[in-house]
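Novice:
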């Protein structure tokens, strides 16, 4: 029930949590580390829910057959249940990463810089992020219409990245389903 409640929490709340906990309390500052930990908490309910459903989808008869042959519960889980649930677990994980790629609020509060002239040198440096860049282009400045082509291009790149990640999830799931051992 707690995981379902966390799945319904808006991303801005996770962003404020990351700001308060990672940036201020743990003193990581606005950094890649703060942003990635915050995004990790954001996608955790998605991954846990997908993993739970994938584990439930393995037929009970597989477990019973393995246990009836004298195999321990740990070996049954490791050699029977996990390999059969792995496509769903990987798909949920990759879809969670795709969701994190498009989030603005957690990045804006914990990791993003408006502009950096060079690539970050460590995990404690600020980083430019596509969602935050889109937000800034769409809201800042006096002549927003002049930046429309840049906005559209940035959105196109972000959508392409998220679709690419989702396509990878589909390919992995398809491959793993074809190569099941049962």
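Residue numbers (my numbering): 272 to 453.
Idealized CB from N, CA, C, for every residue including glycine.
1. Could you name the residues of the same chain whose beta carbon sits closer than 6 Å to that of residue 406, not counting the 5 residues immediately before and after it, in chain order?
2. Drop a sphere of 10 angstroms on the beta-carbon of residue 401, count the other beta-carbons inside from all chains shown, and report buried for 16 or more, exposed for fewer.
3. Would you mind reading off the limits of the alpha helix (DSSP H) that contains residue 373?
4. I believe residue 408 touches residue 418 by the beta-carbon criterion, under 8 Å. Please report the beta-carbon distance rounded to the nearest angstrom.
5. Quick one: complete alpha helix (DSSP H) runs, 4+ long, within the region 387-430?
6. Cβ of residue 382 within 8 Å of Cβ of residue 306?
7. Can you give the Cα-Cα distance for residue 412 and residue 429, rounded to whole angstroms?
8. How would you label residue 282, buried or exposed, when you count the other beta carbons within 10 angstroms and need 16 or more for buried?
9. Report yes or no: do the region 382-395 and the region 355-373 share at least 3 C-beta pairs separated by less than 8 Å?
10. Using beta carbons (cut-off 8 Å, strictly below), is residue 420 in contact with chain D?
11. Is residue 325 closer than 8 Å to residue 360 when the C-beta atoms are compared?
12. Just to confirm the assignment: which complete alpha helix (DSSP H) runs, minimum length 4, are found wholly within the region 300-360?
13. Taking 8 Å as the threshold (C-beta atoms), are residue 309 and residue 293 in contact?
14. When you compare each of 323, 273, 284, 447 to residue 377 by their alpha carbons, which one comes out closest?
15. So, residue 351 versus residue 319, is the Cβ gap smaller than 8 Å?
Specialist: If we stick to the structure as given:
1. Along the chain shown, read from residue 1 onward, the residue named residue 406 stands at position 135. Closer than 6 Å at Cβ, skipping near neighbours: 375.
2. By one-based count along the chain shown, residue 401 stands at place 130. Its Cβ being crowded by 16 or more others within 10 Å, residue 401 is buried.
3. Numbered from 1 along the chain shown, position 102 holds the residue referred to as residue 373. That residue, residue 373, is in no alpha helix (DSSP H); it is neither H nor E in DSSP.
4. Locating residue 408 in the chain shown gives position 137, counting from the first residue. Locating residue 418 in the chain shown gives position 147, counting from the first residue. Contact holds; Cβ gap of about 5 Å.
5. DSSP assignment within the region 387-430 yields the following whole alpha helix (DSSP H) runs of 4 residues or more, N-terminal first: 401-410.
6. Against the chain shown, residue 382 aligns to sequence position 111. Against the chain shown, residue 306 aligns to sequence position 35. At the C-beta level, residue 382 and residue 306 come within 8 Å of one another.
7. Taking the first residue of the chain shown as position 1, residue 412 is located at position 141. Taking the first residue of the chain shown as position 1, residue 429 is located at position 158. Approximately 22 Å between the Cα atoms of the pair.
8. Here residue 282 is taken as the residue at index 11 of the chain shown, counted from 1. Residue 282 should be labelled buried.
9. With the cut-off at 8 Å, the region 382-395 and the region 355-373 do not touch.
10. The structure shown contains no chain D; it holds only a single protein chain.
11. Position 89 of the chain shown, counted from the start, is the residue given in the question as residue 360. Position 54 of the chain shown, counted from the start, is the residue given in the question as residue 325. Yes, these two residues count as a Cβ contact at 8 Å.
12. Every alpha helix (DSSP H) stretch that sits fully inside the region 300-360 and reaches 4 residues is listed by chain position as 303-328, 331-339, 344-347.
13. For the purposes of this step, residue 293 is identified with residue 22 of the chain shown, where counting begins at 1. For the purposes of this step, residue 309 is identified with residue 38 of the chain shown, where counting begins at 1. Residue 293 is a Cβ neighbour of residue 309, given a cutoff of 8 Å.
14. Here residue 377 is taken as the residue at index 106 of the chain shown, counted from 1. In terms of Cα proximity to residue 377, the closest of 323, 273, 284, 447 is 284.
15. The residue given as residue 351 occupies position 80 in the chain shown. The residue given as residue 319 occupies position 48 in the chain shown. No, the pair does not count as a contact, with Cβ atoms beyond the cut-off.
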